[in-house]
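The numbering used here applies: residue 20 is where the sequence shown begins, and numbers increase by one. Built from N, CA and C at the ideal position, the CB exists for glycine as well. Written out below as structure tokens is the structure these notes cover.
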Amino acid sequence: MAAITLYDTAIVPIIRTLKNLSAILTKSETFANEKGIPHSELLEARISPDMNPLIFQVQTASNTAKFLAVRVGGIENQSFDDSEKTFDDLQARLTKTIDYLNAIKREEFDGREKHEFVFRDTPFTGLSYVNGFALPNFYFHAVTTYNILRSKGVQIGKLDWLGGA
């Protein structure tokens, strides 16, 4: 059996979670349509007034995933302009992010565990960045998206989050 790699612990679960977020957003749009709820009521929803809305949460999960690949894997960045306003826009964003990550070759992450760089004045290795910043930040914004939608009454549950695992 092959050793678990940084690619396996970072890129693989992020792609899975982005696909699950896409399915959750589809259920949310259907929910809004069936209940006659304006899409903006969900897309602009926040858990708390001092937190950013759902659209920002999806954008930030996407950006965190991309920048993990850029900072750790040395992959060329693709700039997204954070201008999404609709469910379709967010779906397109998730698709672009998933496609970007799927294009990464496992070998591009080989040996990057000890790759050193500085982010926000903090020194990291590839491994410490993945475990200490990128994955926690990614999951924070992804689960906040889920929680916002759940708090608005969208019928989603644990299996939606896990993707039926």
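Rounded to the nearest whole angstrom, the C-alpha separation of Arg90 and Phe50 is 37 Å. Closest option to Arg112, judged by alpha-carbon separation, among Thr79, Glu53 and Leu61: Thr79. Annotation for Arg131: Leu25, Val91, Gly92 and Gly145 place their beta carbon closer than 7 Å to its own, counting only its chain and skipping 5 residues before and after. Residue range Thr141 to Thr144 is occupied by the beta strand (DSSP E) that includes Phe143. Distance between Asp179 and Ala161, taken at the CA atoms: about 12 Å. For Glu48, the enclosing alpha helix (DSSP H) has its first and last residue at Leu25 to Lys54. Residue environment: Asn39 is assigned as buried (16 or more neighbouring CB atoms within 10 Å of its CB, all protein chains considered). Boundaries cannot be given for Val149, as no alpha helix (DSSP H) includes it and DSSP labels it neither H nor E.
By the neighbour-count criterion, in which 16 or more other beta carbons inside 10 Å mark a residue as buried, Gln97 falls on the exposed side. DSSP places Glu127 in the helix class (H, G or I) of the three-state scheme.
Cβ-Cβ separation between Leu87 and Ala29: approximately 6 Å, consistent with a contact (criterion under 8 Å).
With respect to Thr83, Phe157 sits close: the two C-beta atoms are nearer than 8 Å.
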